[in-house]
Structure formats: C-alpha cells, structure tokens
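J.:
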Amino acid sequence: MPLGLLFKPHYLLRHRNPRLLFESLLTLAITLTLSWLSMLYLPWPFTFIIVLLMWSAVRLPRMEAFLIFLTTVMMVSLMMAADPSLLATPRTYLMRHMPWLPFLLILLPANIMTMVMYAFRAERKHISESETRFRNAMEYSAIGMALVGTEGQWLQSNKALCQFLGYSQEELRGLTFQQLTWPEDLNKDLQ
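Counting from 20, one number per residue, gives the positions in the sequence shown under the numbering used here.
Here it is, written out as structure tokens:
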C-alpha cells in the first residue's frame, strides 16, 4: 500500500545512478536471502525479518525500502502458503545452542532506531544552529543585507539596509528591488 501511494514516475529515473541501483539490488538480495534462511532454520523467524527490514529502512531511501518490504512480504507469504509447517513451534534445538538470541532480537531494533533518531536530532541541531547564525548575521551586520524573492519582492531586510535606503522594513516589503535599483544598473541585476 505505501508503495502505491508514494510512487511517482520520476522515482524510476533515480536508478540511473549506478550506486543507488547497486545498493538497492544488493540490499534486496541480502534481505530476501536472510529472510528465506530465517523462515527455514530460525526460531521466531518474523523477529529476524523485522530486524532485516529495519536494516533496509535505515540503509535505503523510502521508495526503495518499501519495495524491499513488499518483495519480502510476498516471498514470506509464498513460503507459508507452500509449507504451512513453517509456522509450527519454534525450533528448540537451535535455542539450546544460542540462549542469548532472544535478547539480541530485543535489543537490535531498539539500537537501530536509537542511532537513526540520534542522526536525525544531530541534523536538526545543525540546521537550527545554521539558522541562528544566519539570523544573527542578518540582524547584527553593519552591512546592509536582504532576502529578496524570485519576483523581486523584499522578504526581509536588516536595520543597516533600511537606514541606508531610508525605508522601514514594512515599506520595503511593499516595493520590489527593481523599483529601488538605479535604471542603468537594472539590466545587470536582472541577469
């Protein structure tokens, strides 16, 4: 379902990048192979598959990750339809040799999400710091600075520019930079 809602034709053009295509296909192959092995040989195979899908989600862009989710669900569904005994009692012989396995399965997804959220928060912090630096440079600069829209409207200007031009910020917002530019310089500014 998410794959159908997200699909746009330009997503297919992204795979002209051989690195993204290779990474997507490699992740697909690893995820399908390990999911298949989990279904056949491991206790609680769906727990392992969840870990694999989380790895895919962290590694790939959204569209590619959803495509891997879809193919994994299709493969697991076909395996269960072909052999319903796969859903039988967990394979206890494996648990005798790996008693720590349930703890790993509990901690691994939580650790992955912790790292993803840490990266997200760090990126948000960097953006916030950059925005604060820009605002301070804009507001406290002795040099006139302004943000101008694509049509020439003044979006924001600092005090130094307002004093230099002799307009308030509100007055500048009602004008375009073309109206304040010397006619001989206007052609150079529009290029």
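Cβ atoms here follow ideal geometry from the backbone N, Cα and C, with glycine treated the same way.
What first and last residue would you give for the alpha helix (DSSP H) that runs through W63?
T.: Here W63 belongs to no alpha helix (DSSP H), and DSSP marks it neither H nor E.
J.: Is it true that the stretch 48-68 meets the stretch 78-96, where meeting means three or more beta-carbon pairs spaced less than 8 Å apart?
T.: yes
J.: Evaluate contact between the stretch 37-50 and the stretch 66-75, counting only Cβ atoms and requiring at least three cross-stretch pairs below 8 Å.
T.: yes
J.: Ignore the nearest five residues each way along the sequence and tell me which others in M164's own chain have a CB closer than 8 Å to its CB.
T.: A156, M157, S176, N177, A179, L180
J.: Express the C-alpha separation of I146 and F26 in angstroms, rounding to a whole number.
T.: Those two C-alpha atoms are separated by around 29 Å.
J.: One question on the structure: do S43 and L71 come within less than 7 Å of each other, judged by their Cβ atoms?
T.: no
J.: Taking its Cβ as the centre, do 16 or more other Cβ atoms sit within 10 Å of E83, making it buried, or is it exposed?
T.: buried
J.: In angstroms with no decimal places, state the Cα-to-Cα distance between F67 and W119.
T.: 14 Å
J.: Going by C-alpha to C-alpha distance, which of T151, F183, Q197, P28 sits closest to T169?
T.: Q197
J.: Specify, as a first and last residue, the run of the beta strand (DSSP E) that Q182 falls within.
T.: In the DSSP assignment, Q182 falls outside any beta strand (DSSP E) and lies within the alpha helix (DSSP H) extending over 178-184.
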